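Here's the structure we're looking at; comments come further down.
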Amino acid sequence: MPTPSLHWLSASGEEQTYPITFPETIIGRKSDADIVFSNPNISRHHAKVVTSDEGALVLDLGSTHGTFVNGERVEKQFLKDGDRLELGKDRVEIRFFTGNGRIDSQSRFDTTEVFQKSLTDLGRLLPSNFSDLEKISCVLDFQYQWEQTYTPDAAFLQILQSALKISGAERAFVLLRHNDKFEYAAGIDGKGRSMSLAEFQASHSVIDEVGATGKPVFMVEGIKGKFAEQASIVAMNLRAIACLPLKGQTQEGPPTILGILYLDSRKTMHSLSGLDERILTKLAVDAGTVIERIEMIKGFEERRKLEQELALAEETQRSLLPQKLPNIAGFRLRAFSKPTRYVGGDFYDFIATDDSSFTGVLADVSGKGVAASLLSSMTLGCLEMQLRAGLNPAQALTRLNKFLCERSARSRFVTMFALTLNRDGNGTMVNAGHNPGYLYRAATGEIEELNSNNMIVGAFSFATYETMPLRLERGDVLVVYSDGLTEAENPSGEMLGESKVKEVIQQNAAQGAEELERSLLAAIHFFTEGHSQSDDITLMIVEKT
212 MPTPSLHWLS
222 ASGEEQTYPI
232 TFPETIIGRK
242 SDADIVFSNP
252 NISRHHAKVV
262 TSDEGALVLD
272 LGSTHGTFVN
282 GERVEKQFLK
292 DGDRLELGKD
302 RVEIRFFTGN
312 GRIDSQSRFD
322 TTEVFQKSLT
332 DLGRLLPSNF
342 SDLEKISCVL
352 DFQYQWEQTY
362 TPDAAFLQIL
372 QSALKISGAE
382 RAFVLLRHND
392 KFEYAAGIDG
402 KGRSMSLAEF
412 QASHSVIDEV
422 GATGKPVFMV
432 EGIKGKFAEQ
442 ASIVAMNLRA
452 IACLPLKGQT
462 QEGPPTILGI
472 LYLDSRKTMH
482 SLSGLDERIL
492 TKLAVDAGTV
502 IERIEMIKGF
512 EERRKLEQEL
522 ALAEETQRSL
532 LPQKLPNIAG
542 FRLRAFSKPT
552 RYVGGDFYDF
562 IATDDSSFTG
572 VLADVSGKGV
582 AASLLSSMTL
592 GCLEMQLRAG
602 LNPAQALTRL
612 NKFLCERSAR
622 SRFVTMFALT
632 LNRDGNGTMV
642 NAGHNPGYLY
652 RAATGEIEEL
662 NSNNMIVGAF
672 SFATYETMPL
682 RLERGDVLVV
692 YSDGLTEAEN
702 PSGEMLGESK
712 VKEVIQQNAA
722 QGAEELERSL
732 LAAIHFFTEG
742 HSQSDDITLM
752 IVEKT
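For reference, each letter of the sequence shown is one residue, going 212 to 756 in my numbering.
And the structure:
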């Protein structure tokens with residue numbers, strides 16, 4: 212089945228395809244978005260695309276300047292193949308495709324026209340003699356190359372070759388910002404030979420000056436002023452230095468210095484007129500745009516790698532849950548679990564003791580994300596080992612509590628609901644600080660709440676756990692859930708709540724466990740309207756037949 216994708220193509224020919232491989236894809240200016248645009252008129256979390264069996268739905272996330280589909284502003288709308296998605300006041304355009312996500316030749320921008328216009332505009336500033344045209348060809352060639360090249364090394368090489376050709380310097384280096392310092396990234400000499408980090412020598416006083424002020428330094432006919440007596444300059448016998456800031460737009464805030472273009476020579480460089488300096492400055496502006504692009508692509512690749520690792524973690528965690536629910540005579544069992552994103556702290560388990568009895572557990576580990584998932588996996592493994600050894604839930608939880616108190620952080624704990632039932636519907640339960648279970652009584656149509664009767668697990672080493680009797684009659688349905696169900700929020704911040712959950716149970720439990728599960732999930736979907744959830748959602752349903 213083809214993978215849907217979003218395809219972005221700028222007016223200058225820059226393009227990127229983003230396959231939609233996860234249920235939610237967030238678009239915005241903030242670095243934690245899945246697709247990041249540095250445009251200041253795009254909100255931090257601007258919109259998201261949610262995929263389901265029904266299709267792809269775009270949702271505006273309360274953006275300042277709006278989300279548009281085919282020219283019309285929308286709050287939410289299902290997308291069709293080829294739909295034009297536009298973001299913000301500048302209408303940054305993305306195309307949605309259900310197949311390969313490519314724009315056909317009719318809808319592509321005419322990049323030839325763009326380059327011709329750029330050449331005409333630059334020509335107005337420059338004399339028409341050969342040497343100046345040769346310099347301009349360096350800039351235009353550089354612009355073309357960076358739009359076609361995605362590897363940092365190739366981009367840096369083009370920056371350095373162009374700078375050397377324009378300036379006549381003996382050496383050229385690109386330095387990239389790392390925290391508050393500028394560190395070597397690439398270098399070549401006047402003969403085009405690559406220079407390693409070990410060969411990198413430069414005037415750090417000049418670099419610090421440019422980094423601090425954001426203004427270029429041109430000293431091409433001798434070192435003057437405060438730099439003339441700098442030890443590094445004297446030691447290298449330098450006669451000329453040009454150092455320019457490479458600026459780019461960051462994810463947050465105004466443009467900043469992303470790197471430094473540093474040129475030096477032991478002989479004088481070309482005599483740079485005001486025009487020559489403008490050309491070299493223009494080169495530095497383009498170089499800054501390249502570095503911004505490289506950082507954007509690097510960030511995208513890092514996020515994609517992280518998402519792949521998280522997807523693998525999600526698959527691993529899901530494999531720890533029962534792959535198939537046990538077939539127990541006299542019962543129908545259903546279960547569902549969805550983490551907030553990728554991995555979470557909820558789990559459920561069913562263990563068949565024999566053909567006529569079973570133990571069921573649903574737990575919610577404090578916290579969310581990777582840390583909660585690790586504790587969840589450890590808790591599940593330890594608990595299952597105890598239950599399979601023949602301990603009843605109360606004994607198993609007492610041992611588990613001691614283990615967690617010794618091995619996990621004090622701020623981490625687990626709430627849990629565990630039950631054991633045999634064929635005739637008799638059994639016991641333990642509610643360790645968990646939400647109340649809802650027991651629908653078929654005979655009366657009423658719901659009984661099975662409240663907590665024990666302490667949370669993993670917080671108090673002295674805690675012991677006790678069972679209380681539980682009995683299900685024919686037609687009775689027990690629903691156990693994590694608080695992500697009742698705390699599911701709609702776009703207005705309202706919660707689904709316990710009353711709504713009990714209402715759904717009363718209306719649908721008589722139709723059986725499978726229909727009740729479908730109705731509860733439909734109620735969540737309808738209420739939240741695709742809004743991102745802040746907690747994992749897990750539920751377990753036991754029907755006595």
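Where a beta carbon is used, it is the ideal one built from N, C-alpha and C, also for glycine. All of these numbers come straight from a predicted model, not from anything done at the bench.
For the beta strand (DSSP E) holding VAL280, just list the boundary residues, first then last. 278-280
Buried or exposed, going by whether 16 or more other CB atoms sit within 10 Å of the CB of GLN528? buried
For ILE231, which option in GLY741, SER587 and GLU518 has the closest C-alpha, if you only look at C-alpha atoms? GLU518
Less than 7 Å between C-beta atoms, sequence neighbours within five positions excluded: which residues of the same chain meet that for VAL417? VAL428, PHE438, ILE452 and CYS454
Are the beta-carbon atoms belonging to THR746 and GLU698 less than 9 Å from one another? The sequence given here has Asp at residue 746, not Thr. For ASP746 and GLU698, yes; Cβs fall inside 9 Å.
Hey, is GLU513's beta-carbon within less than 9 Å of any beta-carbon in chain B? Checking the listed chains, one finds no chain B in this structure; it contains a single protein chain.
In whole angstroms, what is the alpha-carbon distance linking GLU700 and LYS711? In this structure, the straight-line span from the alpha carbon of GLU700 to that of LYS711 is close to 13 Å.
Other residues of its chain near PHE737: CB distance less than 8 Å, five sequence neighbours each side excluded: none
Strictly by DSSP, which residues pair up with VAL285? THR278
Closest by CA to GLU757, which one among LEU611, LEU585, ALA413 and ALA583? In the structure as shown, the chain starts at 212 and stops at 756, and residue 757 therefore has no counterpart that could be examined.
Through-space distance from ASP475 to LYS328, alpha-carbon basis: Low per-residue confidence applies at LYS328: pLDDT is 45, beneath 50, and the placement is therefore not dependable enough to give any value.
Please report the residue range of the alpha helix (DSSP H) in which LYS713 lies. Secondary structure note for LYS713: its alpha helix (DSSP H) is the uninterrupted segment 708-719.
May I have a chain-ordered list of the beta strand (DSSP E) segments no shorter than 3 residues that lie completely inside the stretch 366-395? DSSP runs (the beta strand (DSSP E)) wholly in the stretch 366-395: 382-389.
Residues near ARG652 by beta carbon distance below 7 Å, same chain, minus five either side: GLU659 and ASP687
For SER216, does the three-state DSSP call read helix, strand or coil? strand
If you count every other CB in all the chains shown that lies within 10 Å of the CB of PHE393, and 16 or more means buried, which is it? buried
Thinking ILE502 and LEU457 are a contact (beta carbons under 8 Å), I'd like their distance in whole angstroms, please. 6 Å
Give, in chain order, every unbroken run of the beta strand (DSSP E) that is at least 3 residues long and sits entirely within the stretch 651-709. 658-661, 679-682 and 688-692
Could you check what DSSP says for MET507 in three-state terms: helix, strand or coil? If DSSP states are grouped into helix, strand and coil, MET507 belongs with the helices.
Can you tell me whether SER584 is buried or exposed? The criterion is at least 16 other CB atoms within 10 Å of its CB, across all chains shown. buried
Distance between MET640 and GLN534 (C-alpha atoms, nearest Å): 24 Å
Rounded straight-line distance, which links the Cα of ARG306 to that of GLY422: Near 39 Å, if we compare the C-alpha coordinates of ARG306 and GLY422.
Answer with buried or exposed for VAL753, where buried requires no fewer than 16 other C-beta atoms within 10 angstroms of its C-beta. buried
Counted within 10 angstroms of its Cβ, other Cβ atoms place GLU345 as buried (16 or more) or exposed: With a pLDDT of only 47 at GLU345, under the threshold of 50, the placement of this residue in the model should not be trusted; the figure read from the coordinates follows. Exposed is the call here.
Which listed residue (LYS291, PHE542, GLU525 and PHE628) has its alpha carbon closest to that of ASP560: PHE628
To the nearest angstrom, how far is it from the Cα of ASN311 to the Cα of ALA267? Because the pLDDT at ASN311 is just 44, under 50, the model does not fix this residue reliably, and the point stays unresolved.
Where LYS613 sits in the DSSP three-state scheme: Residue state, collapsed to three classes: helix.
Can you give the beta carbon distance from LYS291 to VAL269, rounded, assuming they're within the 8 Å contact cut? In fact, because the Cβ distance is near 11 Å, the residues do not count as touching under 8 Å.
On a Cα-Cα basis, can you pick out the residue from GLN744, ILE370 and ARG477 that is closest to PRO702? GLN744
Residue span of the alpha helix (DSSP H) that contains GLY738, given as start and end: In the sequence on display, residue 738 carries Phe and not Gly. It spans 724-739 - the alpha helix (DSSP H) in which PHE738 sits, taken as one unbroken run.
Mind checking GLY239: buried by the 16 CB within 10 Å criterion, or exposed? buried
From which residue to which residue does the beta strand (DSSP E) around MET430 run? 428-430
Applying the criterion that 16 or more other CB atoms from any shown protein chain within 10 Å of the CB defines a buried residue, is TYR229 buried or exposed? That one is buried.
Given ARG599 as reference, the closest of ALA366, GLY436, THR631 and ARG255 once Cα atoms are compared: Out of ALA366, GLY436, THR631 and ARG255, THR631 has the C-alpha closest to the C-alpha of ARG599.
Distance CB(GLY470)-CB(ALA366) smaller than 9 Å: no
Closest by C-alpha distance to CYS593, when choosing among GLN718, ASP694 and PHE558: PHE558
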